[in-house]
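Single-structure report; data block below.
There are 2 protein chains.
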Amino acid sequence: MSARGGIDLGGTKIEAVIVDGDNKVLGSARHPTPTEGGPQAIADQMAAAVKEAAQQAAVEPAMLRGVGVGSPGVVDPDSGAVSTARNLNGWDGTFELAATLQQAIGTKARVGNDVQVATDAEFELGAGKPYKSVLGVFWGTGVGGGLILDGKPWLGRGGAGEIGHVVVKLDGRHCTCGRYGCMEAYAGRAAMEIRARKRVDKGDKTKLFKLMKEHGRTRLTSAVWAKALEHDDKLATKLIDEAVEALGAGVASSVNLLDVEAVIIGGGLGVRFAQPMADRIAKAMQPHLFHDAEPPAVHVAALGDLGGAIGAALLVR
Amino acid sequence: MSARGGIDLGGTKIEAVIVDGDNKVLGSARHPTPTEGGPQAIADQMAAAVKEAAQQAAVEPAMLRGVGVGSPGVVDPDSGAVSTARNLNGWDGTFELAATLQQAIGTKARVGNDVQVATDAEFELGAGKPYKSVLGVFWGTGVGGGLILDGKPWLGRGGAGEIGHVVVKLDGRHCTCGRYGCMEAYAGRAAMEIRARKRVDKGDKTKLFKLMKEHGRTRLTSAVWAKALEHDDKLATKLIDEAVEALGAGVASSVNLLDVEAVIIGGGLGVRFAQPMADRIAKAMQPHLFHDAEPPAVHVAALGDLGGAIGAALLVR
Numbered sequence: 001m002s003a004r005g006g007i008d009l010g011g012t013k014i015e016a017v018i019v020d021g022d023n024k025v026l027g028s029a030r031h032p033t034p035t036e037g038g039p040q041a042i043a044d045q046m047a048a049a050v051k052e053a054a055q056q057a058a059v060e061p062a063m064l065r066g067v068g069v070g071s072p073g074v075v076d077p078d079s080g081a082v083s084t085a086r087n088l089n090g091w092d093g094t095f096e097l098a099a100t101l102q103q104a105i106g107t108k109a110r111v112g113n114d115v116q117v118a119t120d121a122e123f124e125l126g127a128g129k130p131y132k133s134v135l136g137v138f139w140g141t142g143v144g145g146g147l148i149l150d151g152k153p154w155l156g157r158g159g160a161g162e163i164g165h166v167v168v169k170l171d172g173r174h175c176t177c178g179r180y181g182c183m184e185a186y187a188g189r190a191a192m193e194i195r196a197r198k199r200v201d202k203g204d205k206t207k208l209f210k211l212m213k214e215h216g217r218t219r220l221t222s223a224v225w226a227k228a229l230e231h232d233d234k235l236a237t238k239l240i241d242e243a244v245e246a247l248g249a250g251v252a253s254s255v256n257l258l259d260v261e262a263v264i265i266g267g268g269l270g271v272r273f274a275q276p277m278a279d280r281i282a283k284a285m286q287p288h289l290f291h292d293a294e295p296p297a298v299h300v301a302a303l304g305d306l307g308g309a310i311g312a313a314l315l316v317r
Numbered sequence: 001m002s003a004r005g006g007i008d009l010g011g012t013k014i015e016a017v018i019v020d021g022d023n024k025v026l027g028s029a030r031h032p033t034p035t036e037g038g039p040q041a042i043a044d045q046m047a048a049a050v051k052e053a054a055q056q057a058a059v060e061p062a063m064l065r066g067v068g069v070g071s072p073g074v075v076d077p078d079s080g081a082v083s084t085a086r087n088l089n090g091w092d093g094t095f096e097l098a099a100t101l102q103q104a105i106g107t108k109a110r111v112g113n114d115v116q117v118a119t120d121a122e123f124e125l126g127a128g129k130p131y132k133s134v135l136g137v138f139w140g141t142g143v144g145g146g147l148i149l150d151g152k153p154w155l156g157r158g159g160a161g162e163i164g165h166v167v168v169k170l171d172g173r174h175c176t177c178g179r180y181g182c183m184e185a186y187a188g189r190a191a192m193e194i195r196a197r198k199r200v201d202k203g204d205k206t207k208l209f210k211l212m213k214e215h216g217r218t219r220l221t222s223a224v225w226a227k228a229l230e231h232d233d234k235l236a237t238k239l240i241d242e243a244v245e246a247l248g249a250g251v252a253s254s255v256n257l258l259d260v261e262a263v264i265i266g267g268g269l270g271v272r273f274a275q276p277m278a279d280r281i282a283k284a285m286q287p288h289l290f291h292d293a294e295p296p297a298v299h300v301a302a303l304g305d306l307g308g309a310i311g312a313a314l315l316v317r
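Residue numbers (my numbering), protein chains in the order written: chain C, 1 to 317; chain V, 1 to 317.
So this is what it looks like as structure tokens:
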């Protein structure tokens, strides 16, 4: 059996795919991430999502060659244990995710870092295919980074890729991580929402929260931000402009350090705004690039929302 | 013959060494970098410095296994040509440095990037020996960076390591490179001197320029800065504090991205201020480190001022 499963474990949703030997998607399922019941409830929901995707692909789950997981938090790639995934309910400690899924699905499971598997997928199958060195920038609730250097993932001591916490402004805005001036404090969707609520409290007018309610959401999702920009909403435009400026500086700084061939912009906001926004980010990088005559290519992620799950499936080739 | 030559080509001085098969220094010479006569005059002076060091080592220059050069500017490692070394007199174009030296000295010459060869030297022979991933930070007139990842130099497309031009403050101070908010705009010795002169023009009191004259200098050298700090000079203390703050943010940002095991602080100011300043920089990094429970080791360069020349000699092993 050459079919494999892949799961992208996110703070709000679990995305599962079944792929064939050529990494073609045979089936997929999206479940909300449980917000109670802790890691066990989340693992149960992950297993359920894989089983649903397998049914769609007409594959017996236990017959899968394996299931890969892209997970937030601190991942032990050998044991498949995940620690301190603080965005997830009750996941402050360590949970044996691979072992639990293995038992629930009946095939081997491997766990990797969510951003890194998404970068790997873009590198092997998506926008990064022509290159040997790639910086993946996943612009969503936070801003995560993944690195491919000389054709191989670069993980450092296991904690590399925290591009969201590159400092773009000393003594700058308070970040959701508790620090100051991080790129994510300007560009992360969570930080942008906090900022928008503050501006509204101070009397700014915006359609953001009206659009949120019309979309039946409790958070400013990527779709809500996109709609607000379409409406020329002044506050939304300003906050996105600031985000692009911060991304321009932080990504250019990373390129000054690493001189990669290509930057790939993914994540909820990145995929939603697509190539025109990747072009805007490239333009915002330009004034900060040291070798400005040789900027890297800047592409939007080609695998879209499923990139994380497809990349996770690469873990069990 | 196992003896090799190494030359560190700097904006103010040319440092040459002769090393044996164990990279032990057998002889050394320091010449001022010619400020007229262009690349040919500089190459002539480089050859003279190697010959002087060789004489000290009792070695016939033409019998050296080869001579390596660490050069500023854009280096073509294959041809040994150096382009746009703008800190050097008349070096806006391309000059065949390796070929010229080869003829003048009578043995093969190879050219590498100055900061990268200094990083290689620290990695192989100095403070980086215990590690497989190292970020070299060369704090002098500018701030250069060198990377060792998984035991090998990382050069990107040839232009990696520009850590001095990591943005630490959006819309921040004007950098000597023409951009804004670069780490080097706060920490580079050239930028600090410009800043000091401006503050004096605005009426600030400082002993910096008096000490400069007492040392018979026309520039604020590392020794002058060190003396001013010993005198508790207020302006010097403030400018160094700002430099350390900027280094803390920019180096921590780089560590957040790469998660290297160790940071090595070299360069004129780094070597002069030694380990107590490396410790201060480590402390300034701490509030910006994402994985703050696992900071990298931060060491001063162990090979001191000769590291660049010793690293250059590694090019002709």
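We put the beta carbon where it would ideally sit given N, CA and C, even for glycine.
Residue span of the beta strand (DSSP E) that contains residue i, given as start and end
i	result
V/ARG280	Run containing V/ARG280: none in the beta strand (DSSP E); it sits in the alpha helix (DSSP H), 267–285.
V/ALA297	297–300
V/THR94	94–96
V/LEU149	143–149
V/GLY401	This structure leaves residue 401 of chain V out entirely; chain V is present only between 1 and 317.
V/GLY112	109–113
C/ASP76	74–76
Cross-chain neighbours of residue i in chain V, by beta carbon under 8 Å
i	result
C/ASN256	GLU162, ILE163, HIS165, VAL166
C/GLY159	ASP259, PHE290, HIS291, GLU294
For residue i, the three-state DSSP class (helix, strand or coil)
i	result
V/TYR131	coil
V/HIS291	coil
C/ARG4	strand
V/GLU15	strand
C/ALA160	coil
V/ASN87	coil
V/ASP120	helix
V/LYS24	coil
C/LEU155	coil
V/VAL50	helix
C/LEU258	helix
C/GLY136	strand
C/LEU303	coil
V/PRO39	helix
Under 7 Å by beta carbon: chain V residues contacting residue i
i	result
C/LYS169	LYS169, LEU170
C/GLY145	LEU257
C/SER253	VAL166, VAL167, SER253
C/SER133	GLY156
C/PRO287	ARG179
Residues of its chain near residue i, where Cβ-Cβ distance is below 6 Å and the 5 sequence neighbours each way are ignored
i	result
V/ALA41	PRO34
C/ASP204	LEU235
Residue i, enclosing alpha helix (DSSP H) - first and last residue
i	result
V/GLU60	Where V/GLU60 is concerned, there is no enclosing alpha helix (DSSP H), given that its DSSP letter is neither H nor E.
C/GLY307	307–314
Partners in chain V for residue i, counting only beta-carbon separations shorter than 9 Å
i	result
C/CYS177	PHE290
Proximal residues of chain C, C-beta to C-beta of residue i below 9 Å
i	result
V/ARG86	Per Cβ cutoff of 9 Å: no residues; V/ARG86 is ~13 Å from chain C at best.
Neighbourhood of residue i by C-beta distance below 8 Å, restricted to the same chain and skipping five residues each side
i	result
V/ALA57	ALA3, ILE18, LEU26, GLY27
C/THR206	ALA196, ARG199, VAL200, ALA228, ASP233, LYS234, LEU235, ALA236
C/HIS215	THR221, ALA223, VAL224, LYS227
C/GLN286	GLY248, ALA252, ASP292, PRO295
C/ASP150	LYS132, SER133
V/ILE14	ILE7, ASP8, ARG30, HIS31, PRO32, THR33, ILE42, GLN45, MET46, ALA49
C/LEU289	ALA252, VAL255, ASN256, PRO295
C/GLY270	VAL137, PHE138, TRP139, GLY140, MET277, ALA278, VAL300, ALA301
Cross-chain neighbours of residue i in chain C, by beta carbon under 7 Å
i	result
V/LEU149	LEU149, TRP154
V/ALA249	VAL167, LEU170
V/GLU245	LEU170
V/VAL260	GLY156
Contact set for residue i: own chain, Cβ-Cβ below 7 Å, skip 5 residues either direction
i	result
C/GLY188	THR141, GLY142, VAL143, GLY164, THR176
C/GLY106	PRO61, ALA62
V/LEU211	VAL224, LYS227, ALA228
V/ILE281	VAL244, LEU247, GLY248, VAL251, ILE265, VAL298
* Run through the region 162–248 of chain C for me and flag every whole alpha helix (DSSP H) of 4 or more residues, listed as ranges in chain order. => 184–187, 189–201, 208–214, 222–230
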